[in-house]
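Chains as they are written, first to last, in this note's numbering: chain A, 93 to 314; chain B, 93 to 314. Beta carbons: idealized from backbone N, C-alpha and C, even for Gly. Nothing here was measured: the structure is a model prediction, and the numbers come from that model. Comments concern the structure below.
2 protein chains.
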Amino acid sequence: MRVLLTEDNQELARSIKHYFKDNGHAIDWVDSAEKAATILHHDDFDVLILDVNLPGKSGFELLSTLRSNKNALPVLILTARADIDDRVSALDLGADDYLVKPFDLRELAARCRALVRRERGKSDNEILCGNLAFNSATKIVKVDGEVIDMRPREVQMLELFITHLDRMLTKDDIANRLYNFDEAYTPNAIEQTLTRLRKHLQGSSVLIKTVRGMGYLAHVDD
Amino acid sequence: MRVLLTEDNQELARSIKHYFKDNGHAIDWVDSAEKAATILHHDDFDVLILDVNLPGKSGFELLSTLRSNKNALPVLILTARADIDDRVSALDLGADDYLVKPFDLRELAARCRALVRRERGKSDNEILCGNLAFNSATKIVKVDGEVIDMRPREVQMLELFITHLDRMLTKDDIANRLYNFDEAYTPNAIEQTLTRLRKHLQGSSVLIKTVRGMGYLAHVDD
DNA sequence: CTGACGCTGTCAGTTTGTTGTCAGGTTCAA
DNA sequence: TTGAACCTGACAACAAACTGACAGCGTCAG
């Protein structure tokens with residue numbers, strides 16, 4: 093795990109640094125948002141631990157710059173206040189986690205590990221179909237980077253199609269994946285879900301074709 | 093992903109079931125090897141999660157029965173012991189993966205996904221006739237790699253011809269294959285379907301010749 | 001507990017697509 | 001040349017699929 097710590101309190105910074113090093117992680121420390129921004133430019137980290145109250149630019153400012161540059165680096169915010177306001181703005185700005193001082197070093201490390209794990213899972217689980225991205229872990233669907241809001245049923249169906257591109261799926265195939273055998277359904281339920289799914293897929297490069305009398309077939313069409 | 097879970101520990105089973113459902117998979121649960129065997133007879137699953145210690149027949153017994161019946165269903169074994177012996181026997185009996193309790197649900201799901209992904213690469217029931225490829229599982233027809241869009245009737249007829257290359261087929265042979273005996277048809281229906289099929293086969297190396305007064309004959313002509 | 005809301009399946013009416021029939025043309029063998 | 005067998009364009013019937021409206025159910029906040 094490679095960590096960048098941005099913290100102006102020397103004492104706190106030193107103990108965090110020690111703790112992470114002792115636990116076999118690589119940790120670099122800077123004491124301002126500006127320095128952090130510079131280092132992030134030419135180095136890759138797994139996670140950024142970011143204090144809010146910094147001399148000069150605040151942690152929030154750095155975070156919002158990162159996110160507007162589409163930088164998806166996991167960020168864990170440290171703050172002295174347990175303010176709801178702070179928490180909300182942190183998460184709104186795209187922080188991945190949040191810790192209030194004082195905290196236990198073990199907890200900080202655990203949360204970092206969780207973020208890294210989550211992040212790794214993400215990249216593993218992202219399936220790309222033209223301009224559509226589907227994350228099988230988070231179930232988030234994006235078209236041209238825009239999140240598409242879908243119902244669970246629609247997502248299930250989309251996942252099935254995406255993992256079976258260019259393969260015929262009969263209604264029965266679909267039903268078997270969407271329903272357990274103790275659940276009743278009519279063919280129409282599938283059609284209805286499909287209608288809703290197709291509506292959401294307008295503008296994406298995933299196309300679900302009907303093969304009348306046989307089933308459905310999804311393919312990517314750039 | 094369609095999963096069959098065989099696990100006699102109710103609590104564990106319930107949490108696995110929930111986790112998979114929440115993640116958009118269809119999961120069915122049975123609590124004995126016998127029940128699992130029955131269900132596997134008339135239903136298709138993508139993966140079987142199988143506990144070793146079960147009341148009655150053990151998971152190992154079920155696994156070995158499956159494999160001796162040439163059932164290639166991906167199987168993931170769950171066991172309480174980290175014994176080398178257990179591990180070896182599981183893999184020897186044809187398990188595809190192995191997980192020691194207690195485990196993280198996310199890991200279980202990830203391993204199942206991996207198994208399913210691996211399995212999908214395999215299935216290849218493709219029949220090649222010159223530049224024409226027919227997949228008997230998906231019923232997809234390709235000529236020079238291009239998918240040819242056909243109606244079910246035409247596909248049925250093509251399949252019949254392809255599996256009887258260079259063999260005479262009378263109209264009756266064809267009719268018997270395309271229609272159930274309670275369905276009426278006129279010879280002309282077959283001719284019509286044949287016309288449509290031939291249109292689709294233009295450019296392919298499969299040729300259906302008419303043998304006047306007798307029937308039809310398909311052959312590959314490169 | 002209650003009301004509001006959101007998800008998802010059902011219903012019903014409409015649209016769309018497939019496939020057999022018909023009718024007229026073409027081919028072929030005697 | 002003739003007639004039977006075959007081919008094929010047009011059409012219609014029927015079934016499959018689509019979709020808007022609605023209702024049941026579960027969930028959540030107050």
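* Of all the CB atoms in chain B, is at least one closer than 8 Å to the CB of residue 227/A? -> To locate residue 227/A, count along the first sequence from 1; it is residue 135. Cβ-Cβ to chain B under 8 Å: no for residue 227/A.
* Per-residue contacts from residue 136/B into chain A (C-beta, under 8 Å) -> Here residue 136/B is taken as the residue at index 44 of the second sequence, counted from 1. Those are 268, listed as they occur along chain A.
* Count the other C-beta atoms from every protein chain shown that fall within 10 angstroms of the C-beta of residue 220/B, then say buried if there are 16 or more, exposed otherwise. => The sequence position of residue 220/B within the second sequence is 128, counting from 1. When all chains shown are included, residue 220/B counts as exposed.
* Is it the case that the Cβ atoms of residue 93/B and residue 205/B are separated by a distance below 8 Å? -> Translated into the one-based positions of the second sequence, residue 93/B becomes position 1. Translated into the one-based positions of the second sequence, residue 205/B becomes position 113. Going by C-beta atoms, residue 93/B is nearer than 8 Å to residue 205/B.
* To do: Return the first residue and the last residue of the alpha helix (DSSP H) that residue 109/A is part of.
  => Residue 109/A sits at position 17 when you count from the first residue of the first sequence. 102 to 114 is the span of the alpha helix (DSSP H), which, as asked, contains residue 109/A.
* Asked: Can you name the start and end residues of the alpha helix (DSSP H) that residue 267/B belongs to?
  -> Your numbering for residue 267/B matches position 175 in the second sequence. Run containing residue 267/B: 263 to 270, per the alpha helix (DSSP H) assignment.
* Beta-carbon neighbours of residue 271/A, restricted to chain B and to distances below 8 Å -> Against the first sequence, residue 271/A aligns to sequence position 179. Neighbours of residue 271/A on chain B, chain order: 118.
* Asked: For the region 223 to 232 of chain B against the region 93 to 112 of chain B, are there 3 or more C-beta pairs whose distance is under 8 Å?
  -> no
* To do: Compute the beta-carbon to beta-carbon distance between residue 193/B and residue 170/B, rounded to the nearest angstrom, for a pair I have assumed lies under 8 Å.
  => As a position in the second sequence, residue 193/B is number 101, starting the count at 1. As a position in the second sequence, residue 170/B is number 78, starting the count at 1. Going by Cβ atoms, the distance from residue 193/B to residue 170/B rounds to 6 Å, so yes, they are a contact pair.
* residue 251/A: contacting residues in chain B (beta-carbon distance under 7 Å) -> Here residue 251/A is taken as the residue at index 159 of the first sequence, counted from 1. In chain order: 116.
* Starting from residue 159/B, trace the alpha helix (DSSP H) both ways and give me its first and last residue. => For the purposes of this step, residue 159/B is taken as residue 67 along the second sequence, with counting starting at 1. Counting along the chain, the alpha helix (DSSP H) containing residue 159/B begins and ends at 151 to 160.
* To do: Show which residues of chain A have a CB atom less than 9 Å away from the CB atom of residue 244/B.
  => Here residue 244/B is taken as the residue at index 152 of the second sequence, counted from 1. Those are 303, 304, 305, 306, listed as they occur along chain A.
* For the putative contact between residue 143/A and residue 98/A, defined by C-beta atoms under 8 Å, what is the C-beta separation to the nearest angstrom? -> Here residue 143/A refers to the residue found at position 51 when the first sequence is read from its first residue. Here residue 98/A refers to the residue found at position 6 when the first sequence is read from its first residue. Confirmed, Cβ separation roughly 6 Å.
* Asked: So which residues on chain B does residue 231/A lean against when the C-beta distance must stay under 7 Å?
  -> Along the first sequence, one-based indexing puts residue 231/A at 139. Within chain B, the residues near residue 231/A are 116.
* If you drop the 5 nearest sequence neighbours on each side, which residues of the same chain put their C-beta closer than 8 Å to that of residue 315/A? -> One cannot answer for residue 315/A here, as it falls past the ends of chain A, which runs 93 to 314.
* **Nearest-angstrom Cα separation, counted from residue 172/B out to residue 238/A** => As a working mapping, residue 238/A is identified with position 146 in the first sequence. As a working mapping, residue 172/B is identified with position 80 in the second sequence. Going by the C-alpha atoms only, they are around 44 Å apart.
* Asked: In terms of alpha-carbon separation, which member of 263/A, 137/A, 232/A lies closest to residue 278/A?
  -> The residue labelled residue 278/A in the question sits at position 186 within the first sequence. Ranking 263/A, 137/A, 232/A by Cα distance to residue 278/A puts 263/A first.
* Taking Cβ-Cβ distances shorter than 9 Å, what residues in chain B pair up with residue 248/A? -> Here residue 248/A refers to the residue found at position 156 when the first sequence is read from its first residue. By Cβ distance, chain B contributes 116, 117, 118.
* Quick one: is residue 168/A buried, meaning 16 or more other Cβ sit within 10 Å of its Cβ, or exposed? -> Counting from 1 along the first sequence, the entry for residue 168/A is found at position 76. Classification for residue 168/A: buried.
* Any C-beta of chain A under 8 Å from that of residue 205/B -> Residue numbering aside, residue 205/B sits at position 113 when the second sequence is read from its first letter. Yes - at least one Cβ of chain A is within 8 Å of the one on residue 205/B.
* Identify each residue in the region 94 to 106 of chain B for which the Cβ-Cβ distance to at least one residue of chain A is less than 7 Å, and report them in chain order. => 94
* **Between the CA atoms of residue 117/B and residue 196/A - distance to the nearest angstrom** => Translated into the one-based positions of the first sequence, residue 196/A becomes position 104. Translated into the one-based positions of the second sequence, residue 117/B becomes position 25. Whole-angstrom Cα-Cα distance: 37 Å.
* To do: Give the straight-line distance between the Cα atoms of residue 130/A and residue 228/A, rounded to the nearest whole angstrom.
  => Translated into the one-based positions of the first sequence, residue 130/A becomes position 38. Translated into the one-based positions of the first sequence, residue 228/A becomes position 136. For residue 130/A and residue 228/A, the distance between alpha carbons rounds to 34 Å.
* Determine the contact status of residue 207/A and residue 244/A, defining contact as a CB-CB distance below 8 Å. => Within the first sequence, the letter at position 115 stands for residue 207/A. Within the first sequence, the letter at position 152 stands for residue 244/A. Cβ distance not < 8 Å, so residue 207/A and residue 244/A don't count as in contact.
* With C-beta atoms as the reference, is residue 345/B less than 8 Å away from residue 191/B? -> Absent from the model: residue 345/B. The displayed extent of chain B is 93 to 314, so no value can be given.
* **residue 226/A - partner residues in DSSP beta bridges** => As a working mapping, residue 226/A is identified with position 134 in the first sequence. Paired residue(s): 219/A, 233/A.
* Asked: Do you know how far the Cα of residue 268/A is from the Cα of residue 158/B?
  -> The count along the second sequence starts at 1 and reaches residue 158/B at position 66. The count along the first sequence starts at 1 and reaches residue 268/A at position 176. So the two alpha carbons sit approximately 21 Å from each other.
* Cα-Cα separation between residue 218/B and residue 141/A, rounded to whole angstroms -> Translated into the one-based positions of the second sequence, residue 218/B becomes position 126. Translated into the one-based positions of the first sequence, residue 141/A becomes position 49. Spanning the two alpha carbons is a distance of roughly 53 Å.
* Would you mind telling me which residues of chain B sit closer than 7 Å to residue 259/A, beta carbon to beta carbon, in chain order? => One-based indexing of the first sequence puts residue 259/A at position 167. The contacting residues are 230.
* **Rounded straight-line distance, which links the Cα of residue 275/A to that of residue 290/A** => Locating residue 290/A in the first sequence gives position 198, where the first residue counts as 1. Locating residue 275/A in the first sequence gives position 183, where the first residue counts as 1. The straight-line gap from Cα to Cα measures roughly 24 Å.
* Minimum C-alpha distance to residue 256/B - residue among 107/B, 300/B, 154/B -> Along the second sequence, one-based indexing puts residue 256/B at 164. For residue 256/B, the nearest C-alpha among the options comes from 300/B.
* Asked: With DSSP run on the structure shown, which of helix, strand or coil describes residue 310/B?
  -> On the second sequence, position 218 is the one that residue 310/B refers to. Three-state result, residue 310/B: strand.
* With distances taken between CB atoms, is the gap from residue 235/A to residue 250/A smaller than 8 Å? -> For the purposes of this step, residue 235/A is identified with residue 143 of the first sequence, where counting begins at 1. For the purposes of this step, residue 250/A is identified with residue 158 of the first sequence, where counting begins at 1. Result no, Cβ atoms of residue 235/A and residue 250/A do not sit closer than 8 Å.
* Tell whether a beta-carbon distance below 8 Å holds between residue 292/A and residue 240/A. => The sequence position of residue 292/A within the first sequence is 200, counting from 1. The sequence position of residue 240/A within the first sequence is 148, counting from 1. In contact: residue 292/A and residue 240/A (Cβ atoms closer than 8 Å).
* Counterpart residues of residue 240/B in DSSP-defined beta bridges -> Position 148 of the second sequence, counted from the start, is the residue given in the question as residue 240/B. Residue 240/B is bridged to 233/B.
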